[in-house]
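Heads up: the structure comes next, in structure tokens.
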Amino acid sequence: MDFVDSIHFYETHIFPYSRREGTRAARMDGQVADPVKKERSRRLILLGQRHRREYMESFLGTVREVLFEEQQTIDGKPFWTGHTMEYLKVAVHSSESLENRRVLVRITGFAGEEALTGEALK
């Protein structure tokens with residue numbers, strides 16, 4: 456856990472090892488009990504979520520180029536979503552089409568846990 460915390464991964468995919476009969480690994484000593492695996496996974500998922508949030512927060516107030524990909528409706532308003540060079544998802548409120556355009560955006564906040572919000576700079 457300390458090692459993962461020191462790396463500060465932006466994105467993680469956590470899953471427990473599942474024993475598969477007939478494999479060499481299934482015959483190894485020292486198998487970890489399911490409740491232990493479940494608790495370790497839970498702790499790693501929470502740590503990953505915290506690291507992701509901290510990484511995203513580090514971009515608040517900065518200007519990034521965003522390649523816009525698609526329009527989505529968020530809270531009844533049209534937003535265009537795309538990604539920065541750092542692969543951060545960004546949503547910008549715009550009724551104008553931004554599809555396949557690279558636009559400078561000031562990062563202003565969060566759209567849930569998975570995306571940042573911003574305002575397009577003209």
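All residue numbers for the sequence shown refer to our numbering, where the first residue is 456 and numbers rise by one. Glycine is no exception: its CB is placed at the ideal position from the N, C-alpha and C atoms.
**Message:** Within 10 Å of its beta-carbon, does residue 576 have 16 or more other beta-carbons around it, so buried, or fewer, so exposed?
**Reply:** exposed
**Asked** What distance in whole Å lies between the Cβ atoms of residue 569 and residue 523, which are believed to be in contact at a cut-off of 8 Å?
**Response** Rounded, the Cβ-Cβ distance is 16 Å, inconsistent with contact.
**Asked** Between the C-alpha atoms of residue 490 and residue 496, what's the straight-line distance to the nearest angstrom?
**Response** 10 Å
**Asked** Apart from the five residues just before and just after residue 538, which ones in its own chain have a Cβ nearer than 8 Å to its Cβ?
**Response** 521, 522, 524, 544 and 545
**Message:** With H, G and I counted as helix, E and B as strand and the rest as coil, what does DSSP make of residue 492?
**Reply:** helix
**Item:** residue 487 (DSSP reduced to helix, strand or coil)
**Value:** coil
**DSSP-derived helix/strand/coil call for residue 554** = coil
**Request:** Please decide whether residue 556 counts as near chain B, where near means a Cβ-Cβ distance under 8 Å.
**Result:** Absent from the structure: chain B. Only one protein chain is present.
**Asked** Count the other CB atoms within 10 Å of the CB of residue 458; is the residue buried (16 or more) or exposed (fewer)?
**Response** exposed
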